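Colleague:
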Amino acid sequence: MKRKLLLLFFWLMLISVNLMAQQKTISGKVTNSADGAPLSSVTVLVKGKSVTTKTDPDGSFTIQASPGDVLIFRSVGSKEVQQAVGASNTVSVSMSGSEEALEEVVVTAMGVKQEVKSLGFALQSVSPKQITESNQTNVVNALQGKVAGVQVTNSGGSPGASANIMIRGGTSLSGNNQPLFVVDGIPVDNTTPVSQGGLAAGITPASNRAIDINPEDIQSVTVLKGPAAAALYGIRAASGAVVITTKRGVSGQGGITYSNTFSFDKANKFPELQSLYKQGEKGVFSAGSYLSWGPKFNEGENVYDNIPAFFKTAFTQNHDLSVSGGTDRSTFYASASLFDQGGIAKNTEFNRKSFRVNADHKIKDNLKIGANVNYVKTDRTYFSQGSQSGIMGALFWPRNVDMTDYLNPDNTQKVLSENSESAFDNPYWTINRKPVFNDINRVIGIGEVVYDPLSWLNITYRIGTDYYGENFQSVTSPSSQTGLTGYLAEAATTNQVTTSTFLANAKKSFNDFNINFTLGHNVEATYRKTVTSTARNFIDPDFIGINNTLASDRTVSKGISRRRIVGVFGDLNLDWKNIVYLNFRGRNDWSSTLPKAENSFFYPSISTSVLVTDLIKELNGDQPTGFLSFAKLRGAWAQVGKDAPSHVLQTTLGTYINDFTINPRGFITNITDYFGNPNLKPEFTNSYEVGADLRFWNNRIGLDLTWYKTLTDDQILGTRTPPSSGSFLAYLNGGSIENKGYEAILNFQAVRKQDFNWSIDVNFSANKATVKDLPGKLDRVEISDSWIANSIAQGAAFLNGTLFGINGQTWKTNADGQLLLTEAGLPQVVSTMSQIGDRNPDWIGGITNTFKYKNWGMSFMWDIRKGGDVFNATSYMLVRQGLSPLTADRGTTVLQGIVEKTGAANTKSINLDQDFYQTYYAARGSNFVEDGSWVRLRYASLTYSLPSNVVKSLRLSNLQFTLTGRNLLLFTDYSGVDPEVSGSGAGVGGSGSFGFDNLGVPATRGFDFGLKLTF
């Protein structure tokens, strides 16, 4: 099989080389007719073929074409230019302002291509260069700072770490607030399981599945921000959509591209620790203690700096090879990628192997078929974070003890004490004996038929499937301080989403009016099966396996979920003279997760756009509009529905296998985690937005402004029930969330010269999410998956407050905020929890500068966040251990406040000792809430392309070298490692776990060295 694949791959390469021999390379430059300045990002295509390219920042381009072909030049705000290819290999083109501004075409919902100028809603596109220049493993991270209204949060420095993405805030109290991902017209899975390592491990957050997408395969990314933009995708796009198209072959243009990147990363920063006090409790040294509340270090005594030695420099390599080509009838694109990422912690890594083939064939002039196949295999080795993790052990280890000495002669763990309640595993033992493994085999296949029975009618049928099998394993070897003589947790998951879509599109013109009408039918079926097993107390300490345990120490469970959505939709576009546009959309869905009486629901949208500058010219006889090159006003209203999770309509019974010695058949019936509710109805989100797109001084400055408001009612909410009920959750309708915000996008061509160009792109957005209503007498909804150690804090949504709150304990105060103290001068901890923080940022922004000087290119991006609280759980736990710098102060103090019993000002002195810090200071969650604002240099990239004469002498089309730095600078008042944190990864629903710093792998700073060859 491998031999056949290799032969096929080399055959494709030979075809592409032969195709190149039939063409010639046309090079040229495109300039502005007004001032002679070069024009960048001009689309250059060969008429009647799928050959296309874009001009560089200096206006230059190269394209494969044959004598007699016609080149078409298109640019936003400029008139289209056509020029025939003759004997010459060079072309010079000048472009002037256009009456048909915004000819740019983008892929919107259901893969439908539309002109930007016609759209009445906001969307934003990201180019392949913008995706790859930051050299991110995860395509979600590549969107940071590039799209207004999009908030991305990475979950740490572990290889293959997940990333959370939200568009315009959150619309769900407990459900998924991340957008739908669509690749080449079909929805693909981007879930992130909130994996738990069981009794012997902490939280083990998995990767989000968008990490399986190879960034080098991406041709374009379009972010559909609101319900009006994404409504045709239905229920799953209630939080927006990220639409990705991958590269395809082009007629008459073959090529081979190879690129590689070698990277190294180091931990950006480590938490600070006190170095005055050593191991012990209550001021007394104890060699068996895991705490650092002992006496001071003696002069000259070793103070081990254990943390830096625990981490290492991580090395990564990435290799990509692609082949593309085509005739006038058939085109193809094939790629192979190998990505091998090392971790800064020993024995951690992430590997991704990706193979893709995209092919299209024109059977007749009006009939085309296409197929895409993408196979991805990922393997990840890591360890848990949070409690009982390697990071916890490294940070908590007493500084008078060398933690590298961790093994006894019999290969068991060397422990400080056998009987300590505060015991934890040595971090070196953890990374070697408590690994977490995760591997994925994924196939995405798409087939498409496009038929044009009439000149004005197009019919498309597309079917696709996204299938993956996932294996998860968490191991704890014997001699762990968790009290178990071995522990194993395994899970095998099968996930498949199959989508079938039929589209019929008709276009007609009547005098000054144009009509574009689309009808469609869509079916989506989701199947997921998970088999989990646990085993404890290994019989043979050197063998890992479920059969290496007694039957009474095993559990096995199985879960299957199915979901089916059937939808019909229509899209009607009307326009007058390509100046005034009006769009009506509607979709009706039938969902299998809702009761029959409520499973059908319809949601409409209406949007409009007016090209103001074109309208002025139309009314004033084509008079110029001065410094205003282009102006468009737009507005939209939309409604979108959302169904329930699978299998929550009835209280169902489940089975699990446990203790064969007690029950020989092994099956025990139990109630599931929730009570069913047969009366659920769909959520509905109403959205309003208005905006303006303005271009000034011959398109040198572009400004896009948007204001929006969404209101989501009838939330489908899982609320906690008393343990006596036999279940944990009950699902019901209730609750309302409002999001309001605005976005601004600025594009500025600062310098446009013959050999030098400088452009600035700014993205800015501010969103406020408010909980307007909750069911019953609830005043908050807590997110249990975001609980921090000892339940000191958690994420929560508060009635008439923020969706992204922090719920925690405080000290008792009076109405004026003064502390109410005991007669002993000590604070009083309020037993009930309340809001102590808001993780939602005031605003976020990104500023990208791009320079081009001759063959040199440079770009860098500043990523900015203002506001947004972070709960520093790492600091909280270091305080309890006696290792926080705060605990270096072990003297006395007088707390400012009032003695509650007498009303007098407090004068009592208290000791800042172990009891105070653990019992009082650490119990006040608000002590660990910090401002998470930042300004960071997210990346800087420098490229150099060899001169064309040198490249030709090497028989190449292009040879480029790249140097990239990532996360180079961070300016923040946050005391922890990095305020960009997600304590439980990207898989937590509702308000998520971003803004919780919980003993995660430190963020990294890295450098990449790249080479790209094009033949």
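According to full-length UniProt numbering, the sequence shown is numbered sequentially starting from 1. We put the beta carbon where it would ideally sit given N, CA and C, even for glycine. Bear in mind that the values here come from a model prediction, so they are computed numbers and not experimental data.
Note the first and the last residue of the continuous beta strand (DSSP E) segment covering Ile-783.
Modeller: In the sequence shown, counting from the first residue as 1, residue 783 sits at position 783. Unbroken beta strand (DSSP E) run through Ile-783: 780 to 783.
Colleague: Can you check which of these residues, Arg-865, Ala-750 and Leu-883, is closest to Lys-852 by C-alpha distance?
Modeller: Locating residue 852 in the sequence shown gives position 852, counting from the first residue. Taking only the C-alpha atoms, the option nearest Lys-852 is Ala-750.
Colleague: Just the C-alpha distance for Arg-865 and Pro-841, rounded to the nearest angstrom, thanks.
Modeller: Along the sequence shown, read from residue 1 onward, the residue named residue 865 stands at position 865. Along the sequence shown, read from residue 1 onward, the residue named residue 841 stands at position 841. Approximately 7 Å, taken between the alpha carbons.
Colleague: Which one of Phe-602, Val-523 and Thr-530 has the shortest CA to CA distance from Arg-563?
Modeller: Within the sequence shown, the letter at position 563 stands for residue 563. Considering only alpha carbons, the answer is Val-523.
Colleague: In terms of residue numbering, what span does the alpha helix (DSSP H) encompassing Ala-873 cover?
Modeller: Here residue 873 refers to the residue found at position 873 of the sequence shown. 873 to 881 is the extent of the alpha helix (DSSP H) around Ala-873.
Colleague: Tell me the residue span of the beta strand (DSSP E) that contains Val-93.
Modeller: Within the sequence shown, numbered from 1, the residue matching residue 93 stands at position 93. It spans 90 to 95 - the beta strand (DSSP E) in which Val-93 sits, taken as one unbroken run.
Colleague: Who are the near neighbours of Asn-374 in its chain, counting only those whose CB is closer than 6 Å to its CB and skipping five residues on each side?
Modeller: In the sequence shown, the residue the question calls residue 374 occupies position 374. Contacts found: Arg-356 and Ile-444.
Colleague: How many whole angstroms separate the CB atoms of Asn-686 and Leu-649, which I take to be in contact at a CB cut-off of 8 Å?
Modeller: Within the sequence shown, residue 686 is the residue found at index 686, counting from 1. Within the sequence shown, residue 649 is the residue found at index 649, counting from 1. 25 Å between Cβ atoms; not a contact.
Colleague: Nearest-angstrom Cα distance between Gly-486 and Pro-271?
Modeller: Walking along the sequence shown from the start, residue 486 turns up at place 486. Walking along the sequence shown from the start, residue 271 turns up at place 271. Going by the C-alpha atoms only, they are around 31 Å apart.
Colleague: For the beta strand (DSSP E) that contains Asn-686, what are its first and last residues?
Modeller: Working through the sequence shown from its first residue, we reach residue 686 at position 686. Asn-686 -> beta strand (DSSP E) spans 683 to 696.
Colleague: Among residues of its own chain, excluding the 5 on either side of Gly-1006, which ones have a beta-carbon nearer than 6 Å to its beta-carbon?
Modeller: In the sequence shown, residue 1006 corresponds to position 1006, counting from 1. Excluding sequence neighbours, Gly-1006 sits near Ser-263, Asp-265 and Arg-966.
Colleague: Tell me the rounded alpha-carbon separation between Gln-196 and Asn-438.
Modeller: The residue you call residue 196 lines up with position 196 of the sequence shown. The residue you call residue 438 lines up with position 438 of the sequence shown. Unreliable positioning characterises Gln-196 in this predicted model, as indicated by a pLDDT of 47, which lies under 50. A coordinate reading is not provided.
Colleague: Nearest-angstrom Cα distance between Val-762 and Leu-338?
Modeller: If you number the sequence shown from 1, residue 762 lands on position 762. If you number the sequence shown from 1, residue 338 lands on position 338. Cα-Cα distance, rounded: 33 Å.
Colleague: Output needed for Ile-165: all residues of its chain with C-beta closer than 6 Å, excluding positions within five of it in sequence on either side, in chain order.
Modeller: Here residue 165 is taken as the residue at index 165 of the sequence shown, counted from 1. Val-140, Val-152 and Gln-178.
Colleague: Does the beta-carbon distance from Ile-131 to Val-44 come in below 8 Å?
Modeller: Here residue 131 refers to the residue found at position 131 when the sequence shown is read from its first residue. Here residue 44 refers to the residue found at position 44 when the sequence shown is read from its first residue. No, Cβ-Cβ distance for Ile-131 and Val-44 is not below 8 Å.
Colleague: Quick test of the definition: if touching needs 3 or more C-beta pairs under 8 Å, does the stretch 546 to 560 touch the stretch 594 to 612?
Modeller: With the cut-off at 8 Å, the stretch 546 to 560 and the stretch 594 to 612 do not touch.
Colleague: Relative to the C-alpha of Gly-995, which candidate in Lys-364, Phe-181, Thr-874 and Ser-941 has its C-alpha closest?
Modeller: Position 995 of the sequence shown, counting from 1, holds the residue named residue 995. Measuring from the Cα of Gly-995, the nearest candidate turns out to be Thr-874.
Colleague: Can you tell me the Cβ-Cβ gap for Ile-910 and Leu-819, rounded? I've got them flagged as a contact below 8 Å.
Modeller: Numbered from its first residue, the sequence shown carries residue 910 at position 910. Numbered from its first residue, the sequence shown carries residue 819 at position 819. That belief does not hold up - the Cβ atoms of Ile-910 and Leu-819 are roughly 12 Å apart, past 8 Å.
Colleague: With Met-861 as the anchor, note down where its beta strand (DSSP E) starts and where it stops.
Modeller: Counting from one through the sequence shown, the residue named residue 861 turns up at place 861. Element bounds for Met-861: 856 to 866.
Colleague: When the Cα atoms are used, what is the spatial distance from Asp-212 to Val-303?
Modeller: As a working note, residue 212 is residue 212 in the sequence shown. As a working note, residue 303 is residue 303 in the sequence shown. Spanning the two alpha carbons is a distance of roughly 44 Å.
Colleague: Bridge partners of Phe-630, per DSSP?
Modeller: Along the sequence shown, read from residue 1 onward, the residue named residue 630 stands at position 630. Paired residues: Arg-695.
Colleague: Would you mind reading off the limits of the alpha helix (DSSP H) that contains Val-612?
Modeller: In the sequence shown, residue 612 corresponds to position 612, counting from 1. Looking at the DSSP string, the run of the alpha helix (DSSP H) that includes Val-612 is 612 to 619.
Colleague: By Cβ distance below 7 Å, which residues in the same chain neighbour Leu-232 in space, the five residues on each side in sequence not counted?
Modeller: Here residue 232 is taken as the residue at index 232 of the sequence shown, counted from 1. Excluding residues within five positions, the ones whose Cβ falls inside 7 Å are Ala-109, Met-110, Phe-569, Asp-571, Arg-585 and Arg-587.
Colleague: For Glu-115, which residues does DSSP report across the bridge?
Modeller: As a working mapping, residue 115 is identified with position 115 in the sequence shown. For Glu-115, which the question treats as bridged, DSSP gives the partners Val-105.
Colleague: Within 8 Å of any Cβ in chain C, is that where the Cβ of Lys-901 sits?
Modeller: No chain C appears in the structure shown, which is made up of a single protein chain.
Colleague: Just to check my reading of the structure: Pro-398 and Gln-279 have Cβ atoms closer than 8 Å, yes? What is that Cβ distance to the nearest angstrom?
Modeller: Translated into positions along the sequence shown, residue 398 becomes position 398. Translated into positions along the sequence shown, residue 279 becomes position 279. Rounded, the Cβ-Cβ distance is 4 Å, consistent with contact.
Colleague: Just to confirm, is the Cβ distance from Pro-193 to Ala-206 under 8 Å?
Modeller: Along the sequence shown, read from residue 1 onward, the residue named residue 193 stands at position 193. Along the sequence shown, read from residue 1 onward, the residue named residue 206 stands at position 206. Against a cut-off of 8 Å, the Cβ pair of Ala-206 and Pro-193 comes out as a contact.
Colleague: Name the DSSP bridge partner or partners of Pro-827?
Modeller: Position 827 of the sequence shown holds residue 827. Leu-821.
Colleague: Quick check on DSSP: helix, strand or coil for Tyr-375?
Modeller: Residue mapping note: residue 375 aligns to position 375 of the sequence shown, counting from 1. In this structure, Tyr-375 counts as strand in the three-state DSSP scheme.
Colleague: How many whole angstroms separate the CB atoms of Thr-460 and Glu-448, which I take to be in contact at a CB cut-off of 8 Å?
Modeller: Walking along the sequence shown from the start, residue 460 turns up at place 460. Walking along the sequence shown from the start, residue 448 turns up at place 448. Right, their Cβ atoms sit about 7 Å apart.
Colleague: Give me the Cα-Cα distance between Ala-525 and Ala-644, rounded to the nearest whole angstrom.
Modeller: Within the sequence shown, residue 525 is the residue found at index 525, counting from 1. Within the sequence shown, residue 644 is the residue found at index 644, counting from 1. Straight-line Cα distance between these residues: approximately 15 Å.
Colleague: Along the chain, where does the beta strand (DSSP E) containing Phe-315 start, and where does it finish?
Modeller: Walking along the sequence shown from the start, residue 315 turns up at place 315. Counting along the chain, the beta strand (DSSP E) containing Phe-315 begins and ends at 314 to 326.
Colleague: Should Asn-408 be labelled buried (16 or more other beta-carbon atoms within 10 Å of its own) or exposed?
Modeller: Residue 408 sits at position 408 when you count from the first residue of the sequence shown. Asn-408 should be labelled exposed.
Colleague: Return helix, strand or coil for Asn-548, following the three-state DSSP convention.
Modeller: On the sequence shown, residue 548 is found 548 positions in, with the first residue counted as 1. It is helical.
Colleague: Should Trp-293 go down as buried or exposed, given a rule of 16 or more other Cβ atoms within 10 Å for buried?
Modeller: Within the sequence shown, numbered from 1, the residue matching residue 293 stands at position 293. Per the 10 Å Cβ criterion, buried.
Colleague: Assign Pro-604 to one of three DSSP states: helix, strand, or coil.
Modeller: Position 604 of the sequence shown, counted from the first residue, corresponds to residue 604. Here Pro-604 sits in strand by DSSP.
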